Amino acid sequence: MLLDPFFAEQITQYQADWRESIAQATLAGVPCPAMMSALSYYDSYRTAVLPANLLQGQRDYFGAHTYQRVDKPAGKKYHIEWSDPARPQTAIKK
Numbered sequence: 899m900l901l902d903p904f905f906a907e908q909i910t911q912y913q914a915d916w917r918e919s920i921a922q923a924t925l926a927g928v929p930c931p932a933m934m935s936a937l938s939y940y941d942s943y944r945t946a947v948l949p950a951n952l953l954q955g956q957r958d959y960f961g962a963h964t965y966q967r968v969d970k971p972a973g974k975k976y977h978i979e980w981s982d983p984a985r986p987q988t989a990i991k992k
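In the numbering used here, the protein residues as written are 899 to 992.
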């Protein structure tokens with residue numbers, strides 16, 4: 899639906915009001931989880947690069963899943979030895 903021209907135009911036109919409604923509800927202590935979730939989904943859908951570094955770091959810490967860096971070539975993976983106070987970073991060779 900977000901790609902349909904009609905709905906895309908409506909969302910673009912009323913995006914500021916949508917955000918303001920959520921902000922006012924939050925300031926008043928009124929829960930609006932569906933509206934917040936929908937807005938978060940919309941924001942993540944329209945954003946090319948999101949800050950997932952915390953999530954990647956947690957996954958690497960708990961399971962050595964590795965992570966990729968946005969400032970390095972795509973596909974290159976790294977791991978940090980989190981238990982070492984120096985936290986050395988290792989580039990993973992394929």
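We put the CB at the ideal spot given by N, CA and C, even for glycine.
As the structure is a prediction and not an experimental result, all values here were calculated from the model.
Own chain residues within Cβ distance below 7 Å of residue 889, not counting five before or after: Given that the chain is displayed from residue 899 to residue 992, the structure contains no residue 889 and the question cannot be resolved.
Pull up the distance between the alpha-carbon of residue 976 and that of residue 983, whole angstroms please. Cα to Cα, the separation comes out at about 17 Å.
By Cβ distance below 8 Å, which residues in the same chain neighbour residue 985 in space, the five residues on each side in sequence not counted? Hits under 8 Å: 978, 979.
Span separating the alpha-carbon of residue 906 from that of residue 938: 16 Å
Between residue 902 and the rest of its own chain, which residues show a CB-CB distance below 8 Å, the 5 nearest in sequence each way excluded? none
is_contact[residue 971, chain B] using C-beta, thresh 9 Å: The structure shown has no chain B; it contains just one protein chain.
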